[in-house]
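Q: Before I ask anything, let me first share the structure, which is written out below as structure tokens.
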């Protein structure tokens, strides 16, 4: 019986192998958007113990770390293993216009939500223009 070589199957196998060894950004997919006066980051962390989530801000860099533990046991035989395990980290650069001291984090249903408020000094504001009247010349008759 002849065995056929399928280059697309080989590419799929290599891609699947690389996804299993995915970098942290793939293990921690992120959505980031602005809503009103805050930036919202939603990070998928299914299966992560909430106690393992660690968030730090240092020098305008926000770092998120989390751990997803592997299932283990003596009688365990893996048939398919596609979910990455271990400790993951993701960094987000914060601009000068955010209030890094007022960031809030919530974790619900496997999603970590960060609310990053815009700093007061970065919010747009109107500047009132005062209208000055033209200087008046007073004429004085000298006799």
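Numbering (this note's numbering), first residue to last: 1 to 143. Backbone N, C-alpha and C define an ideal beta-carbon position, used for all residues, glycine too. Treat the numbers as computed from the prediction; the structure is a model and nothing was measured.
From residue 36 to residue 87, what distance separates their C-alpha atoms?
A: 33 Å
Q: Roughly how many whole angstroms lie between the Cα atoms of residue 129 and residue 121?
A: 20 Å
Q: Check whether the Cβ atoms of residue 62 and residue 92 lie closer than 8 Å to each other.
A: Yes. Within cutoff.
Q: Given that a residue counts as buried once 16 or more other Cβ atoms are within 10 Å of its Cβ, and exposed if not, what is residue 132?
A: exposed
Q: Tell whether a beta-carbon distance below 8 Å holds between residue 98 and residue 117.
A: Residue 117 sits close to residue 98, with the two beta carbons spaced by under 8 Å.
Q: On the DSSP bridge list, what partners appear for residue 31?
A: The secondary-structure analysis by DSSP pairs residue 31 across a beta bridge with 42.
Q: Can you tell me the Cα-Cα spacing of residue 82 and residue 50, whole angstroms?
A: 21 Å
Q: Near residue 100, what residues of its chain come up, given a Cβ to Cβ distance below 6 Å and the 5 sequence neighbours on each side ignored?
A: Apart from the 5 residues on each side of it in sequence, residue 100 sits with its Cβ closer than 6 Å to the Cβ of 57, 94 in its chain, given in chain order.
Q: Quick check: the Cα distance between residue 79 and residue 38, rounded to an integer number of angstroms?
A: The alpha-carbon atoms of residue 79 and residue 38 are separated by roughly 44 Å.
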